[in-house]
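For the sequence shown, the positions run 68 to 192 when the numbering used here is used. Quick notes on the structure that follows.
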Amino acid sequence: MSFLLTSCSTYPVEVTSADQLAGVWKDFAGRTVEFKGDGTFTATGMDEADVGEECSGVAATQQGALSLSGTYADVTFDGVDCEGMMLAFYGSPSSFVVCFTRDVTAGGCTGELSRKDDVTATGAP
């Protein structure tokens, strides 16, 4: 399963347009984030992820916006005080993962999200 090695890469990827993120992203626990081309997002399940532990008040469904800065984006959640939260981009330019983090210099993170089309469901018929 070499695709896992690629998707878990710690190599930063530069994202220059919200259009590069547009679509539904999912982690292996079933949490999803839908990024829109206008720089906004809607997420479900992030209250059960690390971001929910780090950002007091994150509910089961969140909305917010991001501001791209190359290999990461500054993130704001609507109605939630969560300073310093970022979205990091890792992997390769053609197939990268994203994750919420407070430390983009750590070289990777847990709770990686892949494009929904790239996530292989286990136990599917």
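Positions of the beta carbon are idealized from the N, C-alpha and C atoms, including for glycine. This one's a predicted model, so the numbers in the text were calculated from it and none came from an experiment.
- request: In the DSSP assignment, find the alpha helix (DSSP H) that holds ASP117 and state where it starts and stops.
  value: Counting from one through the sequence shown, the residue named residue 117 turns up at place 50. Unbroken alpha helix (DSSP H) run through ASP117: 117-121.
message: Whole angstroms are fine: how far does the CA of PRO79 sit from the CA of SER161?
response: Position 94 of the sequence shown, counted from the first residue, corresponds to residue 161. Position 12 of the sequence shown, counted from the first residue, corresponds to residue 79. Rounded to whole angstroms, SER161 to PRO79 spans 12 Å at the Cα level.
query: Which residues mark the beginning and the end of the beta strand (DSSP E) in which PHE163 is found?
result: The sequence position of residue 163 within the sequence shown is 96, counting from 1. Counting along the chain, the beta strand (DSSP E) containing PHE163 begins and ends at 162-168.
field: LYS103 - DSSP class collapsed to helix/strand/coil
entry: In the sequence shown, the residue the question calls residue 103 occupies position 36. It is coil, neither helix nor strand.
message: Suppose contacts are defined by Cβ-Cβ distances below 7 Å. Is GLN130 in contact with ASP145 by that definition?
response: On the sequence shown, residue 130 is found 63 positions in, with the first residue counted as 1. On the sequence shown, residue 145 is found 78 positions in, with the first residue counted as 1. Yes, Cβ-Cβ distance for GLN130 and ASP145 is below 7 Å.
message: Quick check: PHE163 and LEU154, are their CB atoms within less than 7 Å of each other?
response: Your numbering for residue 163 matches position 96 in the sequence shown. Your numbering for residue 154 matches position 87 in the sequence shown. Their beta carbons are not under 7 Å apart, which means PHE163 does not touch LEU154 by this criterion.
query: Between ALA188 and ALA96, what straight-line distance do the alpha-carbon atoms span, to the nearest angstrom?
result: Along the sequence shown, read from residue 1 onward, the residue named residue 188 stands at position 121. Along the sequence shown, read from residue 1 onward, the residue named residue 96 stands at position 29. Bear in mind that a pLDDT of 41 at ALA188, under 50, signals an unreliable position, so the number given afterwards is only what the model happens to contain. Cα-Cα distance, rounded: 11 Å.
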